[in-house]
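Participant: Next up is a structure, given as C-alpha coordinates.
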Amino acid sequence: MVTLCHEDEEGFYDLIVDVGAYVAVCIGMLNALDVSSTEQTLDDLAGMLSTFYTA
60 MVTLCHEDEE
70 GFYDLIVDVG
80 AYVAVCIGML
90 NALDVSSTEQ
100 TLDDLAGMLS
110 TFYTA
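For the numbering used here, add 59 to where a residue sits in the sequence shown, where the first one is 1.
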(Lines of atoms letter the chains of each structure in order from A; the text may use other names.)
(Lines give C-alpha, C1' and ligand atoms only; values in the text may rest on other atoms or scores of the structure.)
Protein backbone atom coordinates (compact mmCIF):
# COMPACT_ATOMS: atom_id res chain seq x y z
CA MET A 60 0.00 0.00 0.00
CA VAL A 61 2.79 2.43 0.86
CA THR A 62 4.52 1.69 -2.43
CA LEU A 63 1.27 2.22 -4.35
CA CYS A 64 0.76 5.58 -2.64
CA HIS A 65 4.26 6.76 -3.55
CA GLU A 66 4.43 5.33 -7.07
CA ASP A 67 0.87 5.95 -8.25
CA GLU A 68 -0.92 8.55 -6.17
CA GLU A 69 -3.93 8.65 -8.51
CA GLY A 70 -4.22 4.86 -8.38
CA PHE A 71 -4.09 4.99 -4.59
CA TYR A 72 -6.97 7.48 -4.49
CA ASP A 73 -8.92 5.36 -6.96
CA LEU A 74 -8.43 2.39 -4.64
CA ILE A 75 -9.76 4.39 -1.67
CA VAL A 76 -12.86 5.38 -3.67
CA ASP A 77 -13.40 1.77 -4.79
CA VAL A 78 -13.11 0.49 -1.21
CA GLY A 79 -15.59 3.14 -0.08
CA ALA A 80 -18.05 2.10 -2.80
CA TYR A 81 -17.66 -1.56 -1.80
CA VAL A 82 -18.33 -0.73 1.86
CA ALA A 83 -21.42 1.26 0.87
CA VAL A 84 -22.78 -1.71 -1.08
CA CYS A 85 -22.10 -4.04 1.85
CA ILE A 86 -23.85 -1.70 4.27
CA GLY A 87 -26.80 -1.45 1.88
CA MET A 88 -27.02 -5.24 1.61
CA LEU A 89 -26.95 -5.68 5.38
CA ASN A 90 -29.79 -3.18 5.64
CA ALA A 91 -31.81 -4.72 2.78
CA LEU A 92 -31.48 -8.20 4.28
CA ASP A 93 -32.51 -6.89 7.73
CA VAL A 94 -29.24 -8.10 9.21
CA SER A 95 -28.29 -4.66 10.54
CA SER A 96 -29.67 -1.18 9.94
CA THR A 97 -27.48 1.35 8.20
CA GLU A 98 -27.27 3.41 11.38
CA GLN A 99 -26.32 0.40 13.50
CA THR A 100 -23.67 -0.73 11.02
CA LEU A 101 -22.12 2.75 10.87
CA ASP A 102 -22.17 2.98 14.67
CA ASP A 103 -20.46 -0.43 14.89
CA LEU A 104 -17.81 0.63 12.36
CA ALA A 105 -17.18 3.87 14.23
CA GLY A 106 -16.74 1.92 17.45
CA MET A 107 -14.32 -0.51 15.84
CA LEU A 108 -12.25 2.31 14.36
CA SER A 109 -12.20 4.14 17.69
CA THR A 110 -11.03 1.00 19.47
CA PHE A 111 -8.37 0.39 16.81
CA TYR A 112 -6.90 3.88 17.08
CA THR A 113 -6.96 4.04 20.88
CA ALA A 114 -5.49 0.56 21.42
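Backbone N, C-alpha and C fix where the C-beta goes; we use that ideal spot for every residue, glycine too.
Considering only their Cβ atoms, is the gap separating residue 95 from residue 104 smaller than 8 Å?
Facilitator: Between residue 104 and residue 95, the C-beta gap is not smaller than 8 Å, which leaves the two residues out of contact.
Participant: State the start and end residues of the unbroken alpha helix (DSSP H) segment that holds residue 76.
Facilitator: 68–91
Participant: Apart from the five residues on each side of it in sequence, which residues of its chain come closer than 8 Å, Cβ to Cβ, to residue 64?
Facilitator: 71
Participant: So for residue 105, helix, strand or coil by DSSP?
Facilitator: helix
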